[in-house]
Each structure stands twice: as C-alpha cells, then as structure tokens.
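In my numbering, the protein residues as written are 317 to 611. Heads up, the beta-carbon is just placed ideally off N, CA and C, and yes, glycines get one too. Below: one structure, written as structure tokens.
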Amino acid sequence: MLDNFKVFITAAEQKSLTNAAAELEMTIATVSRRVHELEKELGCELFHRSNKGLTLTPAGQSYYEETSGFIHELDVRLLNLDNSLHSLNGELKVMAPTNIGSGPLDEFWRSFVVNNPGISLNITLGNPDDDVIANQVDIAIRSGPQQNSSLIQKKLGTITPILVTSSTDKSDLPETIDHLESYPSIAAQLFNDWTLINGNEKYVFSKKHNHISNDMNVTLNLVKAGAGIALLPMSIVYNDIERGELKRVFPSWNGVPREISLLWPQKRTLSARAKRFREELISFLRNQNWFDMTC
C-alpha cells in the first residue's frame, strides 16, 4: 500500500497521470492501475478526472494532507539509508579481540586506511565475548566457537597455538613432553589449560603456572625475559621467531587450533564498507604464514 500511496501523492502534486508516470519512471497504465487499487482499498474516489487533468476529491484531499509528509520523509530516510549502505564513505564500527587486533593486524589496519580513505574506522579491541549487537558494531572479528543465532558467522580459518621460549634461555629445556610439568611456565588466561596434540597423540598439561596474565602481550614479554615456556597463538609469536627472539619448543606439538570468524547482526544489512572490510581482511589473512585459511 505504501507504494500506491507514493503514486497517489505524486499524481496529486503533478495533477496529471502522464506527468506522474514521467516522474516515477512508470507507464501511464501502471500509474492508473495503482491509483485504482488504492481507491479500491480505501473505499473512496481520490481524484476527479477530466480533460484538464486531476483534482483531489474531499476524501483525496484528506488522505493527501495526512500522508504526504510521511511519504516524503520516508523517501528521504530511505535515500539516506541507501547512501549509508552503498557508500564507501562514512564510519565503519569494527570489534576485534585485543590479541588479534593489536599486533597481528597492525599491517592490515595500515593498508586498509590507505586503500579506503573515505572510510572512518571506529575500532574497539577487547574481550572475545563482548556483545556484538549491544555494541552496535557493523562487523566483528571473533575467536573461538560462536553460539548466538542472531549473528551471521563466516568462518575464516584457524590460528594454532605453539610452545615458545626465549632464544636467550640458557637453561636445560625439557627433553620430553611430560617433562613440561617440572619446567617454569607462563600462561595467558585464555590458554591457562594446555591441551597439546601431536598427530594422534594428546597431552593435557595441568599445573600451576609460574606467571599468568589476562593479556597475551604481557605473557609474551615475560617469555622474552626468559621466565619460562608459554603456549601462545602463532599470530603473535611468528615475527619474533623469524627475528630470532623466540624459539619453538617441541615443534611437533601444537595447541588446539582456534577458529577465527567474522560476525555481523542477522537483522542488519551489511554495508558496502563492511563488505570491503571483509574482502580486504580475507585477502590479508590468506597471505599470512601464521593463519590457516579455510575459505
């Protein structure tokens, strides 16, 4: 019915079916049919028709006065919404876990703002469980399994945790995996309990760690200081291993790979800016040695 009201209002303002058809880029027959449909639904005539054009009946005048402002405002709002959804200019609200957004994605943020000068990033780094909907973000990077059915989830791939220690550590490293129990260890709270896998072998490491932090970068700094062995995501230690600051311990053993996904609200249309973000992030991750791409 809203579409028919728009046709009615345009015809009333143009005072002609022919002019209304030109304004709406419709055929005269379509405009005439839409007006007749509306009159039938409302149960009254809206126009007096003559060779000189259209004039509003008293009922038509009442309907015009009651609805024209609303229809014009709706057109403006829909146009603004269309511009917002399809424009590559404007704000993009992104959420990401701190241990991924700060460090591993530093190069990505730099390239994204260079490639998309019209997009204004609003980035929130924090807990992987922060509420995407409550924070009204356009798109979010998430690690680990996601259960919220009101969110669309696109799995990107996985990041594997590995055992590392400082390259300057001169102490005797454990010779076998079970000797980890007696060696100094550092843990990030997210990886407090270590489940290690080597092919079909599985080892669950459970002891009181020497140091624990809720920030992986703090854990990483303690490892570099020679405080022990840590299980950390490949994403935050890869460059340090390449530079020789860290070395792997038991390289055949890995932690359980952690899923990385993109999420956005089910009921919110993904904007052109969010789609560009998704496209460029996937392209970036595909070229990272610390990421196992599955898409």
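Quick one: what does DSSP say Phe607 is sitting in, helix, strand or coil?
Here Phe607 sits in coil by DSSP.
Using beta-carbon positions only, say whether Ile468 and Leu579 come within less than 8 Å of one another.
Between Ile468 and Leu579, the CB-CB gap stays under 8 Å.
Three-pair Cβ contact test at 8 Å for the segment 563 to 575 versus the segment 477 to 493
Contact between the segment 563 to 575 and the segment 477 to 493 is established, with three or more Cβ pairs separated by less than 8 Å.
Residue span of the beta strand (DSSP E) that contains Phe521, given as start and end:
Phe521: member of the beta strand (DSSP E) spanning 517 to 521, first to last residue.
Extent of the continuous alpha helix (DSSP H) to which Arg559 belongs
Segment: none, Arg559 is in no alpha helix (DSSP H) and carries neither H nor E.
Let me know the secondary structure DSSP gives Glu575 once reduced to three states.
In this structure, DSSP gives Glu575 an extended state, which the three-state scheme calls strand.
May I ask you to list the residues that DSSP assigns as paired with His364?
His364 is bridged by DSSP to Thr371.
Can you give me the start and stop residues for the alpha helix (DSSP H) that Ile493 sits inside?
Run containing Ile493: none; DSSP gives neither H nor E here.
Cβ-based burial, Leu370 [other Cβ within 10 Å; buried from 16]
With 16 or more other Cβ atoms from the protein chains shown falling within 10 Å of its own Cβ, Leu370 counts as buried.
Rounded straight-line distance, which links the Cα of Ile502 to that of His527:
If you take the alpha carbons of His527 and Ile502, they lie about 5 Å apart.
Where are the alpha helix (DSSP H) runs, 4 residues long or more, that stay fully inside the segment 400 to 480, in chain order?
Those alpha helix (DSSP H) runs which fall completely within the segment 400 to 480 and span 4+ residues are 414 to 417, 422 to 431.
Would you call the segment 381 to 392 and the segment 407 to 417 touching, i.e. three or more CB-CB distances under 8 Å?
In short, these stretches do not touch, since the Cβ pair count stays below three.
Classification of Glu357 by the beta-carbon crowding that lies within 10 angstroms, buried from 16 upward
When all chains shown are included, Glu357 counts as exposed.
Three-state secondary structure assigned by DSSP to Leu548
The answer is strand: DSSP assigns Leu548 an E or B state.
Span of the beta strand (DSSP E) holding Ser501?
Residues 501 to 504.
Could you check which residue in Tyr499, Thr343, Thr440 has the C-alpha nearest to that of Val565?
In terms of Cα proximity to Val565, the closest of Tyr499, Thr343, Thr440 is Tyr499.
Would a C-beta distance cut-off of 8 Å place Ala327 and Val351 closer than the cut-off?
Yes, Cβ-Cβ distance for Ala327 and Val351 is below 8 Å.
Please classify Ala541 as buried or exposed, where buried requires at least 16 other C-beta atoms within 10 Å of its C-beta.
Classification for Ala541: exposed.
Near Tyr554, what residues of its chain come up, given a Cβ to Cβ distance below 7 Å and the 5 sequence neighbours on each side ignored?
These residues qualify, in order along the chain: Asn605, Trp606.
Express the C-alpha separation of Glu491 and Thr484 in angstroms, rounding to a whole number.
Distance between the alpha carbons of Thr484 and Glu491 is about 18 Å.
Just mark Met411 as buried or exposed, buried being the case when its beta carbon has 16 or more other beta carbons within 10 Å.
Answer is buried; the Cβ neighbour count reaches 16.
Are the Cβ atoms of Ile435 and Arg589 separated by less than 8 Å?
With respect to the 8 Å criterion, Ile435 and Arg589 are classified as neighbours on the basis of their beta carbons.
So the alpha helix (DSSP H) Asn335 belongs to, where does it begin and stop?
333 to 340 is the span of the alpha helix (DSSP H), which, as asked, contains Asn335.
Under the DSSP definition of a beta bridge, which residues are partnered with His527?
DSSP lists Ile502 as the bridge partner or partners of His527.
Assuming Thr535 is part of the alpha helix (DSSP H), what are its boundary residues?
That run of the alpha helix (DSSP H) goes 532 to 540.
Can you find the residues in the same chain that come closer than 8 Å, C-beta to C-beta, to Asp319, ignoring five residues on each side of it along the sequence?
Excluding five sequence positions before and after Asp319, the CB atoms of its chain that fall closer than 8 Å to its own CB belong to Arg350, given in chain order.
When the Cα atoms are used, what is the spatial distance from Ile493 to Leu421?
Per the coordinates, the alpha-carbon of Ile493 lies some 32 Å from the alpha-carbon of Leu421.
May I have the straight-line CA-CA distance separating Lys322 from Leu597, to the nearest angstrom?
Lys322 and Leu597 have their C-alpha atoms some 42 Å from each other.
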